[in-house]
Amino acid sequence: MSSAKSHETIQSVLSENRVFDPTADFVARARLDAAKLDALHAAAAKDPVGFWADLAKKELAWQTPFTEALDESNAPNYRWFADGKTNVSVNCLDRHLATRGDKIAIRFEGEKGDTRHYTYKQLYAEVCKLANGLKSLGIRAGDRVVIYMPMVPEAVIAMQACARIGAVHSVVFGGFSATSLKDRIEDAGARLVITADGGHRGGNIVELKKAVDDALAAGAKTIEKVVMLKRTGHEVPFIEGRDLWWHELMAQQADRCDPAWVEAEHPLFLLYTSGSTGKPKGIQHSSAGYLLGATLTCQWVFDLRDDDVFWCTADVGWITGHSYVAYGPLSNGATILMYEGAPTVPDAGRFWKLCQDHGVTIFYTAPTAIRALMKLGDSFPAQYDLSKLRLLGSVGEPINPEAWMWYHRVIGKEKLPIVDTWWQTETGSIMIAPVPGAVPTKPGSCTKPLPGIFADVVDESGEPVKEANAGGYLVIRKPWPSMLRTIWGDNERYIKTYWAQFGNKYYVAGDSAHRDADGYFWIMGRVDDVLNVSGHRLGTMEVESALVAHPRVAEAAVVGRPHEVKGEAVFAFVICKGARPTGAEAEQLAKELRDHVAKQIGAIAKPDDIRFADNLPKTRSGKIMRRLLRSIARGEAITQDTSTLENPAIVDQLAGKA
Ligand code: ATP
Ligand code: MG
């Protein structure tokens, strides 16, 4: 236990000393070894803007080359490559046709086991047909199109078709309610919705078209047409004059479509962030800068090569599904896998069976999925041949060291690199992550910033926190090409949310972090979630990781509740491996866990309350909804909208009512 720090920093209590070097085999074949990575860092340090300009020329296809790389005249509304013209779909499709036309771009499997695939030529033809279809409906460059679809190849086709004609897409996750959909349509002022009759998940039909009808009945008056893919084939209402079937629209279209050459800064998409209360934030991304980030990080972090099969399990409704399903891999001419369905159908081996059957080489998922699969034991992965896998990734939340170790041991067979990637909807692409052939990993650390990303940890006055393991605010000191450009329709909120805290000088991520003596970054949680226990400011994630390190614990969420003496008390919600303990067993285990936390990180972090449950409240993107848990811990009425939870029924149990 270290001594108390000044109130201006956030205290780190986690100590993790395990280090894993990449294997010699991996390094020998890697795109970047330590020397090449050092050279990139050196180039970026010497001339940050020139570094990106060179990469933008090399990695992207331009119709009109840019002459100025970065325009800072209106900072923090930065503009990159602004007088250049390009088209994102040309970069993702056309430029591969001559060399990789017959290569598979998308492999697809549905929950029931139905499979399809698209070669680059086929994908190109479908995208062109839909692009022509959209034009025939009067959609023009700059118009907003909402995409509300299941996780099928047509979702990517829809995104690429919008990009081809310069329409701005806004993908709304198919699990969101009609009300959330309506709010997002209205905020974006969209003219068109692309949807499906329904989707498949967990053996059920997700009623997508019904949600669209409800959203449009309740408002969303800017919508003129609804294009509907037939996916489930169940009966849905069809409103003449407004609704069109995807296949009927496509049937009439030519399979060539000249791209719209747009300015580099032309908005490619809006994406509303996942967890916020209040008015949704429409994060606006650019065309060229965004694509550059998505393209390069596939090479740097995923070591993506021509013979890979890349499976990012994220839905296209999240930023991860934008950058690492729809854009980054295709820009690199890679083969991706898409899966529509739950990870546990027909059983908890489904992900591993998919990896085996499709020859997946790179697997990228979220800690929530890793912890859920870990809870179900080692026997499921053991049933499948995972020998093609060569790289594993994680994103979305801090990964607890013990979950990392399980991933390493059971899925990675103790030899695959794990890339823990820190980034956000706002950053567009991965910011802090190991380059797998060059950077040794430590369980629970996202390691070091990528070349050209000037990440830092600062205290409340904006000064860098130099002391090892002392926490502070995670900031980015210089603009980068894939950064968000603004919040749609609310630039003031953009400046206030991300820049104002330190006088518009740095991008403020809203996460707390610390660096260890090797300069490795450790994300400690959201700034809003920091606990203040007897004057010590603690990140939630570290206490959670200490709990998960106990052999009985699968998952934990920690929040604060007011305490007369300490200011805040630590309240832990705990999910056990196996059955939920009750009665005397629960009391005994709670005591054991308190002692365990005290031993692991010190008495200061010892939970005052421990409540066992079968599950935690998760957002639809799988993150623990701590705000809701905070209300429960404080005994407050729950005012949050629980309809957007993955598992709303769990709330009563967490509140101690069931
Ligand atoms: P909202 O901003 O609406 O609350 P959100 O922040 O959950 O939604 P995302 O942009 O998808 O939406 O998530 C980014 C956040 O996820 C980061 O700010 C961080 O808190 C967390 N995160 C993502 N990847 C990692 C990681 N590898 N390690 C730690 N935290 C991560
Ligand atoms: Mg966020």
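Take the sequence shown: its position 160, counted from the start at 1, is 160 in UniProt numbering, and no numbers get skipped. Beta carbons are placed, not taken as given, at the ideal position from N, Cα and C, and that holds for glycine.
Just to confirm, are residue i and residue j a CB contact at a threshold of 7 angstroms?
| i | j | result |
| --- | --- | --- |
| His234 | Ile194 | no |
| Pro367 | Ile399 | yes |
| Thr421 | Val439 | no |
| Asp529 | Val570 | no |
| Asp187 | Ala167 | no |
| Lys478 | Pro48 | yes |
| Thr365 | Leu271 | no |
| Ala178 | Ala215 | yes |
| Pro153 | Gly199 | no |
| Ala342 | Gly510 | no |
| Val410 | Pro381 | yes |
| Thr222 | Gly189 | yes |
| Lys577 | Lys375 | yes |
| Ala549 | Glu402 | yes |
| Ile610 | Val533 | no |
| Leu292 | Pro481 | yes |
| Val465 | Val457 | yes |
| Gly428 | Gln253 | no |
| Ala53 | Ala69 | yes |
| residue 659 | Ala30 | Nothing can be reported for residue 659, as the shown portion of the chain is limited to 1 through 658. |
| Leu181 | Ala218 | no |
| Thr86 | Lys415 | no |
So what's residue i in DSSP terms, helix, strand or just coil?
| i | result |
| --- | --- |
| Ser512 | strand |
| Met374 | helix |
| His408 | helix |
| Tyr506 | coil |
| Asn615 | coil |
| Thr297 | helix |
| His200 | strand |
| His169 | strand |
| Ser177 | coil |
| Ser323 | helix |
| Ile399 | coil |
| Ala314 | coil |
| Gln284 | strand |
| Lys478 | coil |
| Lys657 | coil |
| Thr361 | coil |
Near residue i, what residues of its chain come up, given a Cβ to Cβ distance below 8 angstroms and the 5 sequence neighbours on each side ignored?
| i | result |
| --- | --- |
| Cys355 | Trp311, Phe363, Tyr384, Leu386, Lys388 and Leu389 |
| Thr642 | Pro617, Leu628, Pro648 and Val651 |
| Ser276 | Confidence is the limiting factor: at Ser276 the pLDDT is only 46, short of 50, which leaves the residue's position unreliable, though a coordinate-based value still follows. Nothing listed; no residue qualifies. |
| His358 | Arg107, Glu109, Val309, Trp311 and Leu337 |
| Asn504 | Ala75, Pro76 and Ile495 |
Comparing C-alpha positions only, which one of the options sits nearest to residue i?
| i | options | result |
| --- | --- | --- |
| residue 661 | Glu414, Lys599, Met250 and Asp102 | What is shown of the chain runs 1 to 658, which leaves residue 661 out entirely. |
| residue 659 | Ser89, Gly50 and Tyr118 | A question about residue 659 goes unanswered here, because the residues of the chain that appear run from 1 up to 658. |
| Lys103 | Ser89, Lys112, Val90 and Tyr124 | Tyr124 |
| Ala326 | Ala155, Asp308, Asp21 and Ser136 | Ala155 |
| Leu244 | Lys209, Asp315, Pro449 and Phe269 | Lys209 |
| Trp352 | Thr335, Tyr407 and Asp307 | Tyr407 |
| Gln11 | Asp54, Glu467, Arg191 and Asp303 | Glu467 |
| Arg79 | Arg485, Phe176, Asp54 and Gln299 | Arg485 |
| Met483 | Phe612, Ala584 and Ser286 | Ser286 |
| Ile165 | Leu137, Leu181, Asp183 and Val172 | Leu137 |
For the ligand MG, is there any heavy atom lying closer than 6 angstroms to the beta carbon of residue i?
| i | result |
| --- | --- |
| Thr486 | no |
| Thr344 | no |
| Thr273 | yes |
Got a sec: does the ligand ATP put a non-hydrogen atom nearer than 6 angstroms to the Cβ of residue i?
| i | result |
| --- | --- |
| Pro434 | no |
| Cys312 | no |
| Cys446 | yes |
| Glu397 | yes |
| Trp406 | no |
| Ile418 | no |
| Asp529 | no |
| Thr297 | no |
| Thr99 | no |
Tell me, please, whether the CB atom of residue i is closer than 7 angstroms to any CB atom in chain C?
| i | result |
| --- | --- |
| Ala167 | Here chain C cannot be found, since the structure has a single protein chain. |
Could you pull out every residue in the same chain whose Cβ sits closer than 7 angstroms to the Cβ of residue i, ignoring the five residues on either side in sequence?
| i | result |
| --- | --- |
| Ala43 | Phe51 |
| Asp213 | Pro237 |
| Cys92 | Gln160, Tyr327, Leu330 and Ser331 |
| Thr67 | Asp83 |
| Asp255 | Ala125, Cys128 and Lys129 |
Is residue i a contact residue of the ligand FAD, with contact defined as CB to any heavy atom under 6 angstroms?
| i | result |
| --- | --- |
| Trp422 | In the structure shown, the ligand FAD is absent; the only ligands present are the ligand ATP and the ligand MG. |
Beta-carbon within less than 6 angstroms of residue i's beta-carbon, same chain only, minus the 5 sequence neighbours each way: which residues are those?
| i | result |
| --- | --- |
| Phe265 | Sequence check: residue 265 is Glu here, not Phe. Around Glu265: Arg79, Ala82 and Ser286. |
| Tyr498 | Tyr507 and Val508 |
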